[in-house]
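Using the numbering used here, the letters of the sequence shown correspond one by one to residues 3 to 671. In this text, a Cβ means the ideal position worked out from N, Cα and C, and glycines have one as well. None of these values were measured; they are calculated from a predicted model. Working notes, beginning with the structure itself.
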Amino acid sequence: MKRRLTSPTAGIRCLQPFFLFLLIALALLSIARLGLITWQWPRVGEQGITGFLLLQGLRFDIVACSLLLLLPALATPLLALHPRSNALWQKLLTIYLSACFGFLLYMEMATPSFIDQYDLRPNILFVEYLRYPKEVASMLWKAYKLPILLAAVVIPLAVTLVYRTLRRARSDSTTSPLSVLWMLPLVLVVGALGIRSTLDHRPVNPSTVAVSEDLMVNDLALNSTYSLLYAIYEARRDEKGKAVYGEMPREQVVRLVRENMRLPADSFTSEQLPTLHRQQPLKQRDKPLNLVIILQESMGAQFVGALGGLPLTPELDALADEGIWFENLYATGTRSVRGIEAVITGFTPTPARSVVKLGRSQRDFFTIAELLSRRGYDTSFIYGGESHFDNMARFFVANGFERIVDENDFANPVFEGSWGASDEDLFARAHREFEKQGDKPFFSLVFTSSNHSPFEFPDGRIELYDAQKATENNAVKYADYAMGEFFRRAKQSSYWKDTLFLVIADHDARVRGASLVPIEHFHIPGLILGADVQPMRYKRVASQIDMPPTLLSLMGLSAEHPAIGHDLLRPELAGTPGRAMMQYNATQAYMEGDKVVIFERGKAPAQYLYRDGELEAAAEEEQPFVDEAMAHSLWGPLSYKERLYRLPAEPQMAGGGQQQGRHKVEAAK
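Structure (structure tokens):
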């Protein structure tokens, strides 16, 4: 029978696979970090923090490894009390550690493609998109075929090599109860210190390495396993409505937000719902207009000729002279669901995921569709892809959209790519849907998808801007072509004179930059036209959240709602600079004219000036402006957590029915 080893040195021998794994993992992560620093050297060198990245990187690598190793390390001395259980455990431990290495390697190999797309290490998007294997697998295979093939070869070979190395390091040493008594506390203390990496009140986190204004460079001090796990942890916290940028009394938050709405005090109609107010339209109409919102995928100002970008949107540039053209309009975020959140609900951006995905907003959450549905409008969402993507269908059906037309409803489309039917198929279907409405008022959200990686569209429609067809520039040009064809048909239709159209981007493509918030990449086109809209150029700063109130006013609809955006055409706002809110990963910007406040997790807010596309530190901080920005950053989490962002319940009719004009959902895909 094997003699039990009770000396401190012998007792630790059962942990030797952990020591070997730690050395291998730290070597892998350090080599990967050096590779990323070399790849991104122009930006890293400009910041002058290479040594800091390497030193702090080692620190966060130890944190990630400690997270993976603590629990099995605690179990090992206990299972080593008996030779049989120890032998089985050592085999399982070898498999577990090899799998951990494979995961670390996979995350690092996936990082360059993720940085290329999002300019950050993998975050919550990395796991969210796993819910949609069809779309994502098709996109990844077409856009990143070489990295996928490389990973398919390298990862199995590397894991096999590590497995064999760890197998040779298995320990057959057993422990005694006395050894367990001193080893368990030691392992627990060392593991906990490894995870916390500090004796301070709070453990290290990404704000520890947020020393430069280039967020991507800061991220290089992390490793992708840690950044992903931390993003999942933060997403769970943020979903509960937890404020992360600071503290302010609830009463002050509500007061400052209401003051910034710039409405008469008697406009507010509820104590329970602080921002619920009565909005009167600037133009009274006997019959309010229909409304169509065309949400253009990834069409930032950089692609729009009329905004000083590339000459890729001749159709939109021409239409800009026929309606209200917004020259300084800003998106609230960098993802489609953030654009949907802002344009359809008017909700302010938060560090949490978009309300399209959050649990408490899956019913009784304000949308312009809910408001119009109560007024007897037919409300629809028309999309060429699968409506379940990003939880859109569930959110829409539960919050006022009565009909959904998606990929499954397109029979024999002219062209179908990875993301569904082409934009020209989408607009052709939308045109048919609108013509069927007759005298019934309608609202529709039409969401394009052709301008999305891997950038697929039919041949023979446009003169290519880039020689290679499947590029972002060519996809933008095709999307613009399809929209132009739609408006040529719409202008000849029976619904044109009674319909208001908004053409607006959901966000810019591939938002990136060396500043805390690359504001220039939040600049997007916006155009309101149709019916009797008079052409004008709107030059003040505007936000996507201003669209719902502005549209309701132009429609001629008197309405009660909680949206805090401005009706941009109100004469009282003529002397104001306008304001916008932008969420960039975990960082938020509040801009009023050229003044900007930046919020980062775990840091005090900082004030800047935005001039000539650059952020400059402000000479002095204006506390009232910082307070205004802070109130808006806290309003979103507060109103979500307390369910303040909704319409009041509808009055019940005799027999239990709801107010006349309220429709039932026909189908929920």
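Same chain only: Cβ atoms within 7 Å of residue i, ignoring 5 sequence neighbours per side
{"i": "residue 641", "result": "647"}
{"i": "residue 364", "result": "396, 397 and 400"}
{"i": "residue 122", "result": "217, 218, 221 and 587"}
{"i": "residue 618", "result": "610 and 611"}
{"i": "residue 456", "result": "141, 144, 145, 420 and 472"}
{"i": "residue 255", "result": "633, 636, 637 and 640"}
{"i": "residue 104", "result": "157 and 161"}
Between the CA atoms of residue j and residue i - distance to the nearest angstrom
{"i": "residue 94", "j": "residue 108", "result": "21 Å"}
{"i": "residue 413", "j": "residue 385", "result": "14 Å"}
{"i": "residue 510", "j": "residue 477", "result": "14 Å"}
{"i": "residue 194", "j": "residue 135", "result": "36 Å"}
{"i": "residue 5", "j": "residue 89", "result": "Here the model assigns residue 5 a pLDDT of 45, short of 50, so the residue's position is not dependable and the matter cannot be decided."}
{"i": "residue 259", "j": "residue 552", "result": "18 Å"}
{"i": "residue 214", "j": "residue 230", "result": "21 Å"}
{"i": "residue 206", "j": "residue 604", "result": "11 Å"}
{"i": "residue 238", "j": "residue 485", "result": "39 Å"}
{"i": "residue 402", "j": "residue 288", "result": "24 Å"}
{"i": "residue 683", "j": "residue 132", "result": "Given that the chain is displayed from residue 3 to residue 671, the structure contains no residue 683 and the question cannot be resolved."}
{"i": "residue 569", "j": "residue 577", "result": "14 Å"}
{"i": "residue 582", "j": "residue 594", "result": "7 Å"}
{"i": "residue 44", "j": "residue 53", "result": "15 Å"}
{"i": "residue 350", "j": "residue 610", "result": "21 Å"}
{"i": "residue 248", "j": "residue 116", "result": "30 Å"}
{"i": "residue 179", "j": "residue 76", "result": "14 Å"}
{"i": "residue 500", "j": "residue 491", "result": "15 Å"}
{"i": "residue 156", "j": "residue 71", "result": "24 Å"}
{"i": "residue 26", "j": "residue 92", "result": "18 Å"}
{"i": "residue 366", "j": "residue 652", "result": "11 Å"}
{"i": "residue 14", "j": "residue 191", "result": "15 Å"}
{"i": "residue 306", "j": "residue 520", "result": "18 Å"}
{"i": "residue 316", "j": "residue 323", "result": "12 Å"}
{"i": "residue 270", "j": "residue 197", "result": "49 Å"}
{"i": "residue 21", "j": "residue 232", "result": "24 Å"}
Outcome for residue i when other beta-carbon atoms lying within 10 angstroms are tallied against a minimum of 16
{"i": "residue 16", "result": "buried"}
{"i": "residue 257", "result": "exposed"}
{"i": "residue 538", "result": "exposed"}
{"i": "residue 2", "result": "Limits of the chain in this structure are 3 at one end and 671 at the other, which puts residue 2 out of reach."}
{"i": "residue 434", "result": "exposed"}
{"i": "residue 298", "result": "buried"}
{"i": "residue 340", "result": "buried"}
{"i": "residue 284", "result": "exposed"}
{"i": "residue 536", "result": "exposed"}
{"i": "residue 655", "result": "Interpretation of residue 655 is limited by its pLDDT of 43, a score under 50 that renders its predicted location unreliable; no figure is taken from the coordinates."}
{"i": "residue 274", "result": "exposed"}
{"i": "residue 429", "result": "buried"}
{"i": "residue 566", "result": "buried"}
{"i": "residue 625", "result": "exposed"}
{"i": "residue 40", "result": "exposed"}
{"i": "residue 300", "result": "buried"}
{"i": "residue 184", "result": "exposed"}
{"i": "residue 2", "result": "For the chain, the structure presents residues 3 to 671; residue 2 sits outside this window and is missing."}
{"i": "residue 50", "result": "exposed"}
Nearest-angstrom beta carbon gap, residue j and residue i [assumed within contact, 8 Å]
{"i": "residue 422", "j": "residue 437", "result": "About 22 Å separates the two Cβ atoms, so there is no contact after all."}
{"i": "residue 345", "j": "residue 393", "result": "About 16 Å separates the two Cβ atoms, so there is no contact after all."}
{"i": "residue 226", "j": "residue 110", "result": "6 Å"}
{"i": "residue 580", "j": "residue 542", "result": "4 Å"}
{"i": "residue 523", "j": "residue 513", "result": "4 Å"}
{"i": "residue 314", "j": "residue 479", "result": "5 Å"}
{"i": "residue 369", "j": "residue 334", "result": "The Cβ separation is near 15 Å, so there is no contact."}
{"i": "residue 755", "j": "residue 82", "result": "Residue 755 is absent from the model: the chain starts at 3 and stops at 671."}
{"i": "residue 546", "j": "residue 353", "result": "Residue 546 to residue 353, Cβ: 17 Å. No contact."}
{"i": "residue 321", "j": "residue 561", "result": "Rounded, the Cβ-Cβ distance is 27 Å, inconsistent with contact."}
{"i": "residue 589", "j": "residue 518", "result": "6 Å"}
{"i": "residue 119", "j": "residue 223", "result": "Not quite, the Cβ-Cβ distance comes to about 20 Å (not below 8 Å), so this is no contact."}
{"i": "residue 96", "j": "residue 187", "result": "Their Cβ separation, rounded to whole angstroms, is 26 Å, which puts residue 96 and residue 187 out of contact at 8 Å."}
Residues near residue i in its chain [Cβ-Cβ closer than 6 Å; skip 5 each side]
{"i": "residue 608", "result": "600"}
{"i": "residue 530", "result": "325, 326 and 504"}
{"i": "residue 319", "result": "307 and 308"}
{"i": "residue 64", "result": "196"}
{"i": "residue 56", "result": "none"}
Own chain partners of residue i with C-beta closer than 8 Å, once the 5 adjacent residues on each side are dropped
{"i": "residue 628", "result": "599, 607 and 609"}
{"i": "residue 253", "result": "none"}
Counting only runs of 3+ residues fully inside the stretch 503 to 583, write out the beta strand (DSSP E) ranges in chain order. Runs of the beta strand (DSSP E) inside the stretch 503 to 583: 528 to 532, 538 to 540 and 561 to 563.
Contiguous beta strand (DSSP E) assignments of at least 3 residues, all confined to the stretch 388 to 441: If you keep only unbroken beta strand (DSSP E) runs of at least 3 residues inside the stretch 388 to 441, you get 405 to 407.
Which full runs of the beta strand (DSSP E) of 3+ residues lie inside the stretch 312 to 356, going along the chain? Runs found: 326 to 328.
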